[in-house]
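Participant: Before I ask anything, let me first share the structure, which is written out below as structure tokens.
Residue numbers (full-length UniProt numbering): 1 to 470.
This is the structure in structure tokens:
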């Protein structure tokens with residue numbers, strides 16, 4: 001049925017709305033997992049990692065017990081870091097599944113991961129604490145299955161493909177809000193964590209519906225051994241032997257942009273993991289105020305739905321002018337991304353109550369710019385027949401780099417020392433200025449070549465006119 005979407009515009013719009021809602025609900029939850037840090041202790045999860053510091057008897061019937069629960073928070077952070085790492089880790093394999101068997105197959109695989117992940121959280125209890133890591137790992141892989149399969153629907157919107165892709169990206173980024181809503185509902189005793197988990201597991205029906213109605217078994221871009229590229233008014237045939245995948249994987253631009261994304265994405269990975277202990281320290285261990293900051297942080301992610309299209313329009317600004325204009329757009333966006341990441345690192349080193357608020361404002365924009373900009377570099381600089389594989393390789397490499405998040409949390413032995421991790425990330429951001437310089441040098445080089453080509457064309461026209469006159 002998905003194959004007839006191009007001939008049924010209303011059905012196509014319904015499919016986009018369905019997948020947009022599904023992506024918002026199920027494709028980016030893991031990045032808001034920190035909201036559960038204040039909820040899980042109430043269920044006794046990893047309570048054995050808490051150490052009794054002192055015990056003071058008030059009367060024969062009551063006593064106060066002081067505990068150090070840093071070990072408990074460490075386990076939550078470890079599960080969180082695993083989830084973030086496994087979010088991108090299988091991207092290459094999932095991309096191959098789409099190429100060979102289609103997005104419908106990938107979505108069906110995602111349903112299995114989704115059920116395992118959410119049922120693990122629904123059944124978690126003291127003594128089965130390991131189910132927390134099971135939840136973060138499997139839900140992360142399920143969310144990536146949802147995201148990658150959802151992007152394929154943009155192929156049915158040839159004139160607005162960039163806008164549709166940015167809408168799906170925004171929906172995915174806004175998914176972190178749901179754990180914050182879980183936190184509010186549980187703390188107000190409206191519903192339990194187990195009930196919410198069973199409810200989210202039931203959303204596999206949404207995934208099944210989209211896979212049946214709006215996705216194909218096979219999504220094959222080309223079966224030919226040769227591809228054509230349009231250059232001006234003529235089509236040039238390029239053989240696979242001359243335009244190989246290996247050549248693009250070893251391209252300095254691809255290598256540098258992958259490192260750029262991996263290093264700067266540590267800001268996105270590290271902040272949610274250390275957020276709760278950090279704001280607890282800044283608020284003087286005021287749990288109520290820290291929960292407010294955490295809710296504000298996760299609620300802000302819904303703004304990504306509105307921010308992503310802005311950057312989508314920025315990438316497509318006057319692209320009809322040619323390659324140089326598109327390269328200029330990408331260079332501007334990547335420069336802003338680099339500056340935003342540096343600003344975020346610096347702000348998060350401050351020990352003031354205003355730092356979390358400023359960090360939220362920067363974080364919402366920098367994360368959206370980072371994902372949009374780096375993917376735009378790939379789609380701008382490389383042939384379309386390799387974009388899927390290149391993006392898969394890029395995100396898998398980024399996933400390996402993101403596992404450094406757990407090592408960074410080891411540097412932050414206490415909330416007082418969170419700055420240590422940020423200083424390492426800041427150093428990496430400064431090193432990655434090479435990518436920004438690389439893009440701007442390519443832009444100025446393309447402008448110079450364009451001017452030389454214009455001059456050459458004018459000379460040829462003049463010579464033709466003079467020969468005609470004679």
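We put the CB at the ideal spot given by N, CA and C, even for glycine. Everything numeric in this text was worked out from a predicted model, so none of it was measured.
How is residue 288 classed by DSSP in three states: helix, strand or coil?
Facilitator: Numbered from its first residue, the chain shown carries residue 288 at position 288. Residue state, collapsed to three classes: helix.
Participant: Using 8 Å as the threshold, is the segment 69-77 in touch with the segment 143-157, meaning 3 or more CB pairs across them?
Facilitator: By the Cβ test, the segment 69-77 is not in contact with the segment 143-157, since fewer than three Cβ pairs between them sit closer than 8 Å.
Participant: Between residue 113 and the rest of its own chain, which residues show a CB-CB distance below 6 Å, the 5 nearest in sequence each way excluded?
Facilitator: Translated into positions along the chain shown, residue 113 becomes position 113. Cβ neighbours of residue 113 beyond the five flanking positions: 138, 141 and 142.
Participant: Any idea if residue 128 is buried or exposed, counting beta-carbon neighbours within 10 angstroms, 16 or more meaning buried?
Facilitator: Here residue 128 refers to the residue found at position 128 of the chain shown. It counts as exposed.
Participant: Count the other C-beta atoms from every protein chain shown that fall within 10 angstroms of the C-beta of residue 77, then say buried if there are 16 or more, exposed otherwise.
Facilitator: Counted from its first residue, the chain shown places residue 77 at position 77. It counts as buried.
Participant: Helix, strand or coil for residue 318? Go by DSSP, reduced to three states.
Facilitator: Position 318 of the chain shown, counting from 1, holds the residue named residue 318. Residue state, collapsed to three classes: coil.
Participant: Residue 211 and residue 104 - do their beta-carbons sit closer together than 7 Å?
Facilitator: Along the chain shown, read from residue 1 onward, the residue named residue 104 stands at position 104. Along the chain shown, read from residue 1 onward, the residue named residue 211 stands at position 211. Yes, they are a contact pair.
Participant: For the alpha helix (DSSP H) that residue 302 lies in, which residues bound it at each end?
Facilitator: Working through the chain shown from its first residue, we reach residue 302 at position 302. Element bounds for residue 302: n/a, residue is neither H nor E.
Participant: Are residue 304 and residue 174 close, meaning C-beta to C-beta below 7 Å?
Facilitator: What you label residue 304 is simply residue 304 of the chain shown in a count that begins at 1. What you label residue 174 is simply residue 174 of the chain shown in a count that begins at 1. Result yes, Cβ atoms of residue 304 and residue 174 sit closer than 7 Å.
Participant: Check for me: the alpha helix (DSSP H) holding residue 353 runs from which residue to which?
Facilitator: What you label residue 353 is simply residue 353 of the chain shown in a count that begins at 1. Looking at the DSSP string, residue 353 is not in any alpha helix (DSSP H), and its letter there is neither H nor E.
Participant: May I ask you to verify whether the segment 82-90 touches the segment 172-190, counting CB pairs closer than 8 Å and requiring at least 3?
Facilitator: no
Participant: Would residue 208 be called buried (16 or more neighbouring beta carbons within 10 Å of its own) or exposed?
Facilitator: Residue mapping note: residue 208 aligns to position 208 of the chain shown, counting from 1. Counting of Cβ neighbours within 10 angstroms places residue 208 among the exposed residues, the total staying below 16.
Participant: Considering only the alpha carbon of each residue, which of 333, 244, 271 and 282 lies closest to residue 312?
Facilitator: If you number the chain shown from 1, residue 312 lands on position 312. Selected option, being the one with the closest Cα: 333.
Participant: Relative to the C-alpha of residue 216, which candidate in 442, 15 and 190 has its C-alpha closest?
Facilitator: Taking the first residue of the chain shown as position 1, residue 216 is located at position 216. With distances taken between Cα atoms, residue 216 lies closest to 15.
Participant: Have a look at residue 43 and residue 415 and give me their C-alpha separation to the nearest angstrom.
Facilitator: Working through the chain shown from its first residue, we reach residue 43 at position 43. Working through the chain shown from its first residue, we reach residue 415 at position 415. Approximately 24 Å between the Cα atoms of the pair.
Participant: Anyone know if the C-beta pair for residue 168 and residue 294 falls short of 7 Å?
Facilitator: On the chain shown, residue 168 is found 168 positions in, with the first residue counted as 1. On the chain shown, residue 294 is found 294 positions in, with the first residue counted as 1. Taking 7 Å as the Cβ cut-off, residue 168 and residue 294 do not qualify as a contacting pair.
Participant: Measure the alpha-carbon distance for residue 347 versus residue 192 and round it to whole angstroms.
Facilitator: Within the chain shown, numbered from 1, the residue matching residue 347 stands at position 347. Within the chain shown, numbered from 1, the residue matching residue 192 stands at position 192. Answer to the nearest angstrom: the Cα atoms are 36 Å apart.
Participant: Can you tell me where the alpha helix (DSSP H) holding residue 256 begins and where it ends?
Facilitator: By 1-based counting over the chain shown, the position of residue 256 is 256. Run containing residue 256: 252-282, per the alpha helix (DSSP H) assignment.
Participant: Nearest-angstrom Cα distance between residue 372 and residue 308?
Facilitator: Numbered from its first residue, the chain shown carries residue 372 at position 372. Numbered from its first residue, the chain shown carries residue 308 at position 308. Taking the straight line joining both Cα atoms gives about 8 Å.
Participant: Give the DSSP-derived three-state secondary structure of residue 471 in the structure shown.
Facilitator: Since the displayed the chain opens at 1 and closes at 470, residue 471 lies outside it and no answer follows.
Participant: Whose C-alpha, out of 392, 247, 38 and 278, is nearest the C-alpha of residue 148?
Facilitator: Indexing the chain shown from 1 puts residue 148 at position 148. Of the listed residues, the one whose Cα sits closest to residue 148 is 392.
Participant: In angstroms, rounded to a whole number, what distance separates the CA positions of residue 240 and residue 183?
Facilitator: If you number the chain shown from 1, residue 240 lands on position 240. If you number the chain shown from 1, residue 183 lands on position 183. Note that residue 240 has pLDDT 43, beneath the 50 cutoff, so the model's placement of it is unreliable and the number below is only indicative. When rounded, the distance between both Cα atoms is 52 Å.
Participant: What residue ranges within the segment 34-122 form continuous alpha helix (DSSP H) runs of no fewer than 4 residues, ordered along the chain?
Facilitator: 70-88, 91-101 and 103-122
Participant: Taking 8 Å as the cut-off, does the segment 286-302 touch the segment 24-41 (at least 3 CB pairs, one atom from each stretch)?
Facilitator: yes
Participant: Rounded to whole angstroms, how far is the Cβ of residue 386 from the Cβ of residue 248, which I believe are closer than 8 Å?
Facilitator: For the purposes of this step, residue 386 is taken as the residue at position 386 of the chain shown. For the purposes of this step, residue 248 is taken as the residue at position 248 of the chain shown. Rounded, the Cβ-Cβ distance is 5 Å, consistent with contact.
Participant: If you check the beta carbons only, do residue 344 and residue 283 fall under 7 Å apart?
Facilitator: If you number the chain shown from 1, residue 344 lands on position 344. If you number the chain shown from 1, residue 283 lands on position 283. Cβ distance not < 7 Å, so residue 344 and residue 283 don't count as in contact.
Participant: Exposed or buried, which one is residue 201 when buried takes at least 16 other CB atoms within 10 Å?
Facilitator: The residue labelled residue 201 in the question sits at position 201 within the chain shown. Answer is buried; the Cβ neighbour count reaches 16.
Participant: Could you tell me whether any non-hydrogen atom of the ligand ADP is closer than 6 Å to the CB of residue 20?
Facilitator: You won't find the ligand ADP in this model; it holds no ligand whatsoever.
Participant: Mind checking which residues open and close the alpha helix (DSSP H) that includes residue 432?
Facilitator: Within the chain shown, numbered from 1, the residue matching residue 432 stands at position 432. It is not in any alpha helix (DSSP H) - residue 432 carries neither H nor E in the DSSP assignment.
Participant: For residue 435 and residue 166, what's the separation of their Cα atoms in angstroms?
Facilitator: Mapped onto the chain shown, residue 435 falls at position 435. Mapped onto the chain shown, residue 166 falls at position 166. Spanning the two alpha carbons is a distance of roughly 23 Å.
Participant: For the alpha helix (DSSP H) holding residue 409, just list the boundary residues, first then last.
Facilitator: Taking the first residue of the chain shown as 1, we reach residue 409 at position 409. Per DSSP, residue 409 belongs to the alpha helix (DSSP H) from 404-411.
Participant: For residue 269, is the classification buried or exposed, using 16 other Cβ atoms within 10 angstroms of its Cβ as the cut-off for buried?
Facilitator: Reading the chain shown from its first residue, position 269 is the one you call residue 269. Buried: at least 16 other Cβ atoms inside 10 Å.
Participant: So the candidates are 96, 277 and 49; which of them puts its Cα closest to the Cα of residue 508?
Facilitator: Any question about residue 508 goes unanswered here, given that the chain covers just 1 to 470.
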